[in-house]
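With this note's numbering, the residue at position 458 of the sequence shown is 462, and numbering never jumps.
Here a beta-carbon is modelled for each residue, glycine too, at the ideal position from N, C-alpha and C.
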Amino acid sequence: MRPWQEEAMRDPDATRFIPRTAGVPLAAPSRWPTADPDVLRPYDALATQVMPRVKDAPLARPAEAPEQPKDEGPSVAKASGRMAIASLISRITGFLWKVLLVAAIGSGVATDSFNVANTMPNIIFELLLGGVLTSVVVPLLVRSQDDPDHGQAYAQRLLTTGVTVLFIGTVIAVIAAPAFTSLYIDSSGQASAGLTTAFAYLLLPEIFFYGVFALVSAMLNAKHVFGPTAWAPVINNLVVIFTILVVWLMPGSIDVDHPAITDPKVLTLGLGVTGGIAAQALMLIPPLLRSGFRPRWRWGLDSRMKEFGGLALWVVGYVAVSQIGLTITTRVLTKGTSGGVTAYNYAWLLFQLPYGVLGVSLLTAIMPRLSRAAADGDTKKLVSDLSYASRISTVTLVPISAVMTIVGTSMGVALFAIGKGPLGNAERMGQALAITAFALLPYALVMLQMRVFYAMKDARTPTLIMIVMTVVKVPLLFLCPVLLNPENIVLGVMMVNALTYVIGAMLGQVWLWVTLGNLRSKRVIGVILFTVVASVLGVGAAWVVGLIVPSSLGPVPHAWIELILQGIVGIAVSFGVLMALKVEELKPVTSRFTRLIKRG
5 MRPWQEEAMR
15 DPDATRFIPR
25 TAGVPLAAPS
35 RWPTADPDVL
45 RPYDALATQV
55 MPRVKDAPLA
65 RPAEAPEQPK
75 DEGPSVAKAS
85 GRMAIASLIS
95 RITGFLWKVL
105 LVAAIGSGVA
115 TDSFNVANTM
125 PNIIFELLLG
135 GVLTSVVVPL
145 LVRSQDDPDH
155 GQAYAQRLLT
165 TGVTVLFIGT
175 VIAVIAAPAF
185 TSLYIDSSGQ
195 ASAGLTTAFA
205 YLLLPEIFFY
215 GVFALVSAML
225 NAKHVFGPTA
235 WAPVINNLVV
245 IFTILVVWLM
255 PGSIDVDHPA
265 ITDPKVLTLG
275 LGVTGGIAAQ
285 ALMLIPPLLR
295 SGFRPRWRWG
305 LDSRMKEFGG
315 LALWVVGYVA
325 VSQIGLTITT
335 RVLTKGTSGG
345 VTAYNYAWLL
355 FQLPYGVLGV
365 SLLTAIMPRL
375 SRAAADGDTK
385 KLVSDLSYAS
395 RISTVTLVPI
405 SAVMTIVGTS
415 MGVALFAIGK
425 GPLGNAERMG
435 QALAITAFAL
445 LPYALVMLQM
455 RVFYAMKDAR
465 TPTLIMIVMT
475 VVKVPLLFLC
485 PVLLNPENIV
495 LGVMMVNALT
505 YVIGAMLGQV
515 WLWVTLGNLR
525 SKRVIGVILF
535 TVVASVLGVG
545 AAWVVGLIVP
555 SSLGPVPHAW
565 IELILQGIVG
575 IAVSFGVLMA
585 LKVEELKPVT
595 SRFTRLIKRG
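What follows is the structure, given as structure tokens:
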């Protein structure tokens with residue numbers, strides 16, 4: 005008798021696994037989608053057809069489900085659930101401190117200067133180490149665990165090299181702070197180069213701590229330790245929130261006309277934000293030591309790092325090209341009225357939230373399947389998984405992007421017209437969000453397509469696609485100050501950014517079609533059309549609801565009520581229509597929420 009048969013005999017309520025006959029649908033009463041039409045596989049990898057047990061009937065295990073260790077599935081599921089909770093809390097607290105920053109110091113020149121300076125450490129870190137670390141080095145850490153010393157020497161060599169490069173790069177960046185400011189700030193606009201430089205001196209040391217966090221996170225993840233890396237950003241956000249509250253309570257305002265690093269509010273804000281990144285990195289040191297790693301200076305390059313040198317160069321090229329676009333974007337924004345950089349950054353943050361909360365979590369499960377299919381050379385499976393991920397992205401993100409279009413202005417006023425946040429700037433943030441919301445699905449598709457290319461060990465194509473996107477983007481950006489008045493430059497920049505992702509999605513789809521052949525695009529287009537119809541009905545219902553909200557309540561209360569009512573009605577109608585149309589791709593999403601509600 006086989007092991008799972010013995011287990012089932014001990015448990016009379018054991019689930020029976022019924023062998024699947026290709027092409028034959030499951031029983032009609034099944035509450036799960038029967039199969040992915042592309043490959044006749046269950047939509048949900050955990051879906052099980054439950055049938056009454058027949059006495060003395062032999063039990064069978066599906067041939068396509070390889071036997072796994074019993075504790076692997078539950079541990080992965082628990083780790084994924086905890087990381088999802090930590091990620092959600094991290095995004096909420098991260099967004100909260102940005103809202104508080106506007107309330108504490110306004111959304112004008114001071115906030116623009118801080119935001120420009122605060123982007124510099126991220127950009128320089130990505131160029132120094134970030135892109136290579138995530139795309140090249142992390143897989144090598146996992147492979148090194150097969151060494152006789154379980155990868156200890158390789159990890160020590162990686163940490164030694166990384167910390168050295170980060171320290172030297174950080175020192176050079178701090179010294180060159182005025183040069184970086186001149187690169188990002190257009191002196192013909194209303195931005196303050198002096199204040200940006202003062203913030204840059206205080207914030208550029210973040211480069212070192214960003215790098216340490218990324219390196220130690222990679223080592224912990226390679227050892228299957230995920231909790232500390234997921235919760236560390238929350239600690240960072242809490243430190244920053246406390247710092248901003250202190251700045252808010254301090255008397256006076258930031259002196260924009262005579263900026264200095266010794267300004268109490270500038271000094272407190274700069275040191276506090278850098279301290280948050282330092283706390284985020286240092287929080288991982290104890291878990292790393294508990295994992296068995298022993299730090300030691302070990303010089304020299306590992307042969308595996310040299311082996312992937314060509315791939316690393318393409319990744320660096322991708323980061324460099326993308327940062328060229330970001331640099332020009334920032335310079336164009338600083339030509340407009342004050343608050344343009346802040347409006348752009350915060351609108352882009354709101355734009356990415358649905359993808360970060362829904363898109364990433366729903367697509368995470370599909371990524372291992374994409375990588376496995378690419379490694380096996382199974383083009384049919386790779387294409388079907390790509391098609392499935394595209395359809396899931398469509399039904400979850402298109403309704404949200406449609407509702408964001410109509411509630412964008414209300415969202416901007418509700419969130420940012422508080423404290424020292426001017427009403428006009430808050431409205432511009434909302435308008436910028438509404439203008440770019442249509443690009444939410446193209447943005448998600450570009451991210452998905454890039455992952456498919458990397459799964460096929462193709463780092464060249466994403467870089468080439470990014471070059472094309474940047475070549476299209478840059479001339480349009482330079483047209484914005486020519487065609488638009490200073491107040492509307494940020495709206496033009498957001499539109500250009502959105503159109504760039506539309507072009508990128510189309511180009512990536514054509515490139516994948518040339519590489520993989522038939523991508524089953526007809527089904528994806530069909531799902532898009534159904535979802536667009538449902539979303540239009542949802543937007544219409546939200547618009548009608550918005551008409552009944554009295555304008556006499558005042559700008560902020562009116563915006564909050566309108567945001568809540570239109571958001572609820574728009575989402576409910578959109579997804580309700582999709583459910584009424586029985587769109588199969590929506591069922592895995594609704595089943596997940598149903599299980600969560602039942603557990604609660």
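As assigned by DSSP and simplified to three states, the class of residue i
| i | result |
| --- | --- |
| residue 338 | coil |
| residue 489 | coil |
| residue 127 | helix |
| residue 206 | helix |
| residue 82 | Confidence in residue 82 is poor, its pLDDT being 49 and thus under 50, which makes the residue's placement unreliable; the coordinate value appears in the next sentence. Reduced to three states, the DSSP call for residue 82 is helix. |
| residue 555 | helix |
| residue 297 | coil |
| residue 382 | coil |
| residue 287 | coil |
| residue 523 | coil |
| residue 395 | helix |
| residue 587 | coil |
| residue 515 | helix |
| residue 110 | coil |
| residue 94 | helix |
| residue 302 | coil |
| residue 196 | coil |
| residue 7 | The pLDDT assigned to residue 7 is 46, lower than 50, so where the model puts this residue is not dependable; a value taken from the coordinates is nonetheless given after this. Helix at residue 7. |
Beta-carbon separation (whole angstroms), residue i vs residue j, contact threshold 8 Å
| i | j | result |
| --- | --- | --- |
| residue 531 | residue 376 | That belief does not hold up - the Cβ atoms of residue 531 and residue 376 are roughly 24 Å apart, past 8 Å. |
| residue 408 | residue 347 | Wrong, their Cβ atoms sit about 15 Å apart, outside the cutoff. |
| residue 106 | residue 115 | 6 Å |
| residue 170 | residue 212 | 5 Å |
| residue 437 | residue 351 | 4 Å |
| residue 239 | residue 287 | 6 Å |
| residue 243 | residue 279 | 6 Å |
| residue 391 | residue 563 | With a Cβ gap of about 40 Å, residue 391 and residue 563 do not count as contacting. |
| residue 299 | residue 163 | 7 Å |
| residue 502 | residue 440 | 4 Å |
| residue 322 | residue 460 | Wrong, their Cβ atoms sit about 15 Å apart, outside the cutoff. |
| residue 477 | residue 504 | 5 Å |
| residue 207 | residue 277 | 6 Å |
| residue 403 | residue 539 | 5 Å |
| residue 397 | residue 354 | Not quite, the Cβ-Cβ distance comes to about 18 Å (not below 8 Å), so this is no contact. |
| residue 575 | residue 542 | 7 Å |
| residue 339 | residue 127 | Not a contact, Cβ separation roughly 20 Å. |
Residue i - containing alpha helix (DSSP H), residue span
| i | result |
| --- | --- |
| residue 572 | 559 to 584 |
| residue 188 | 181 to 188 |
| residue 348 | 344 to 358 |
Unbroken stretches of the alpha helix (DSSP H), 4 residues or longer, contained in the region 412 to 468
With a minimum length of 4 residues, the continuous alpha helix (DSSP H) runs that stay inside the region 412 to 468 are 427 to 440 and 444 to 459.
Give the list of continuous alpha helix (DSSP H) stretches no shorter than 4 residues that lie fully inside the region 220 to 267.
Those alpha helix (DSSP H) runs which fall completely within the region 220 to 267 and span 4+ residues are 231 to 253.
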